[in-house]
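Residue numbers (my numbering): 54 to 590. Note that CB positions come from ideal geometry on N, CA and C, so glycine has one too.
Written out as structure tokens, the structure reads:
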């Protein structure tokens, strides 16, 4: 295997020497096959939309099971915002097939409703018309609902129904054993894994603007989303707001960001897993005067779980998160502290309106290449200045990423987006080759080549194609999104689930309802005491 040796094009201090060394060492180890043992998972959110074109006001369909306990079909912020979750799968193909089957099953249980095909929502009359998700009368179910009620008070309900796709990824234990030997590292294996994942995450933050540039699919939205408020967006037509060179408004100023956490002086610390845990715990335990004004329990009803900067860990928005599977009612920071990082969750992916699944194999091949690149590339800790650069780069790409001559900031230097993106994709070339060899395919290199085409020709990106079609068809965002939604509706209704998969979903739905009832029957304390014990963990 011939490696592609690199020099930084930006004139900055970026070096790929470590990347090249590690790629060569993995190849020489004879353990390339361990890269084919990675596990992948997908989470996709979709709004249930009524025939009228507005957010569904009906409860979560009981035939889909309990959103509290069904591992495959649940809800996010709203009762109408479905979340479909695949288990960890052995391959990208398996994960996509499982996601496909979930959506076929859901459509077989929807009546006079469609799943919205885009990240930006349909017609939104007002925040008050968005129903908050309900999880039953158990303490854990009530906590989930109150948390969402708090998000509504803090940020408004409307931005909480923007949908996205999450890509979950974990390397195999065999790979970590090989990689630790290559790194000549002597600490406990889980400590090494967690430290390596944190390095990966820092690089995903550094270079993460690439994802909305390539895969952003929300350059426009329905004007109803803005509720008549002043906006930086322009008018595409009477009912559509947009930005001409936007890639992902979902990731921009109008999406769910941590601006209030920043004003309160709290940012997640990615120096190490311990530092990350400590920074989130600090935010969860630090009162914030703006949230104290909302009140916690008012007239006997909880408005939010607490008046602190974060109610719980999940409130901290990040484009990538370290994750560990939770046990029972465990706090995420406790799970990470006790068992380390199990996988990473990439959260900056828009729902791809051009694919019925909302994401496709080519995107996932690139994302896997990007993940491995971010692991192998040298990853120093983030300075305060670099964190500001990261935030600004992401914002600029979200709003103006396709603008000719677009410039970003890299190590205190200004560099053209096209130049930096080309350098990064060039650096990923050998990473894609390695994955091709591990999987016995050429799909990774092919995907990388197509993304390189999108860098050189911004009109090939998903966001540009979306605006081009809207102009061509003389349609606004709503009409475009509804047309694509109906196309996907017909696609899924033309498919039939294999008997075994159908039985799995039906049985899981039945068992999840029984599990919810058992949880409700098992509560021994009132909600006040439950919350007190939860936060005292």
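Please report the distance separating the alpha-carbon of residue i from that of residue j.
{"i": "residue 205", "j": "residue 581", "result": "21 Å"}
{"i": "residue 150", "j": "residue 339", "result": "43 Å"}
{"i": "residue 539", "j": "residue 167", "result": "7 Å"}
{"i": "residue 419", "j": "residue 409", "result": "19 Å"}
{"i": "residue 162", "j": "residue 231", "result": "46 Å"}
{"i": "residue 283", "j": "residue 307", "result": "11 Å"}
{"i": "residue 287", "j": "residue 171", "result": "19 Å"}
{"i": "residue 571", "j": "residue 379", "result": "19 Å"}
{"i": "residue 61", "j": "residue 393", "result": "The pLDDT assigned to residue 61 is 49, lower than 50, so where the model puts this residue is not dependable, and the model offers no usable value."}
{"i": "residue 577", "j": "residue 191", "result": "10 Å"}
{"i": "residue 433", "j": "residue 102", "result": "45 Å"}
{"i": "residue 75", "j": "residue 429", "result": "6 Å"}
{"i": "residue 478", "j": "residue 381", "result": "41 Å"}
{"i": "residue 368", "j": "residue 173", "result": "20 Å"}
{"i": "residue 56", "j": "residue 73", "result": "Residue placement at residue 56 is flagged as unreliable, the pLDDT there being 44, under the threshold of 50; the coordinate-derived value follows with that caveat. Taking the straight line joining both Cα atoms gives about 8 Å."}
{"i": "residue 138", "j": "residue 147", "result": "13 Å"}
{"i": "residue 416", "j": "residue 352", "result": "49 Å"}
{"i": "residue 327", "j": "residue 124", "result": "29 Å"}
{"i": "residue 154", "j": "residue 533", "result": "25 Å"}
{"i": "residue 64", "j": "residue 140", "result": "Caution applies to residue 64, whose pLDDT of 45 falls short of 50 and renders its modelled position unreliable; the value that the coordinates give is listed next. Cα to Cα, the separation comes out at about 43 Å."}
{"i": "residue 405", "j": "residue 579", "result": "43 Å"}
{"i": "residue 243", "j": "residue 421", "result": "22 Å"}
{"i": "residue 464", "j": "residue 517", "result": "29 Å"}
{"i": "residue 197", "j": "residue 473", "result": "42 Å"}
{"i": "residue 181", "j": "residue 203", "result": "14 Å"}
{"i": "residue 468", "j": "residue 374", "result": "27 Å"}
{"i": "residue 217", "j": "residue 92", "result": "20 Å"}
{"i": "residue 78", "j": "residue 544", "result": "46 Å"}
{"i": "residue 257", "j": "residue 424", "result": "7 Å"}
How would you call residue i, buried or exposed, if buried means at least 16 neighbouring beta carbons within 10 angstroms?
{"i": "residue 59", "result": "Annotation note: pLDDT 46 at residue 59 (below 50); position unreliable, coordinate value reported separately. Residue 59 comes out buried."}
{"i": "residue 157", "result": "buried"}
{"i": "residue 70", "result": "exposed"}
{"i": "residue 391", "result": "exposed"}
{"i": "residue 552", "result": "exposed"}
{"i": "residue 136", "result": "buried"}
{"i": "residue 436", "result": "exposed"}
{"i": "residue 411", "result": "buried"}
{"i": "residue 240", "result": "exposed"}
{"i": "residue 438", "result": "exposed"}
{"i": "residue 454", "result": "buried"}
{"i": "residue 54", "result": "In this prediction, residue 54 scores a pLDDT of 46, lower than 50, which makes its location untrustworthy; the coordinate-derived value is nonetheless stated afterwards. Classification for residue 54: exposed."}
{"i": "residue 441", "result": "exposed"}
{"i": "residue 560", "result": "exposed"}
{"i": "residue 213", "result": "buried"}
{"i": "residue 589", "result": "exposed"}
{"i": "residue 500", "result": "buried"}
{"i": "residue 88", "result": "buried"}
{"i": "residue 376", "result": "buried"}
{"i": "residue 395", "result": "buried"}
Bridge partners of residue i, per DSSP?
{"i": "residue 185", "result": "131"}
{"i": "residue 219", "result": "96"}
{"i": "residue 460", "result": "469"}
{"i": "residue 402", "result": "218"}
{"i": "residue 125", "result": "Paired residue(s): none; residue 125 is not in a bridge."}
{"i": "residue 592", "result": "This structure cannot speak to residue 592, because the chain is shown only from 54 to 590."}
{"i": "residue 397", "result": "222, 375"}
{"i": "residue 176", "result": "107"}
Give the range of the alpha helix (DSSP H) segment to which residue i is assigned.
{"i": "residue 202", "result": "192-208"}
{"i": "residue 267", "result": "263-268"}
{"i": "residue 104", "result": "Note, residue 104: premise wrong, no alpha helix (DSSP H); not H, not E."}
{"i": "residue 159", "result": "145-160"}
{"i": "residue 546", "result": "530-546"}
{"i": "residue 450", "result": "437-453"}
{"i": "residue 555", "result": "552-575"}
{"i": "residue 581", "result": "580-588"}
{"i": "residue 74", "result": "70-82"}
For residue i, report the span of its beta strand (DSSP E) as first-last.
{"i": "residue 427", "result": "Segment 414-429 is the alpha helix (DSSP H) holding residue 427; no beta strand (DSSP E) there."}
{"i": "residue 490", "result": "Element bounds for residue 490: not the beta strand (DSSP E) but the alpha helix (DSSP H), 482-492."}
{"i": "residue 166", "result": "166-168"}
The ligand SAH heavy atoms versus the CB of residue i: any closer than 8 Å?
{"i": "residue 566", "result": "Only the bare structure without any ligand can be found here, which leaves the ligand SAH out of the picture."}
Would you list, in sequence order, the uninterrupted alpha helix (DSSP H) runs of no fewer than 4 residues that lie entirely inside the segment 496-528? DSSP runs (the alpha helix (DSSP H)) wholly in the segment 496-528: 496-509, 515-525.
Hey, which unbroken runs of the alpha helix (DSSP H) at 4 residues or more fall wholly within the segment 321-384? If we require 4 residues or more, the alpha helix (DSSP H) runs fully inside the segment 321-384 come out as 326-338, 342-345.
What runs of the beta strand (DSSP E), each 3 residues or longer, lie entirely inside the segment 224-305? Taken in chain order, the complete beta strand (DSSP E) segments of 3 residues or longer contained in the segment 224-305 are 273-275, 287-290, 293-295.
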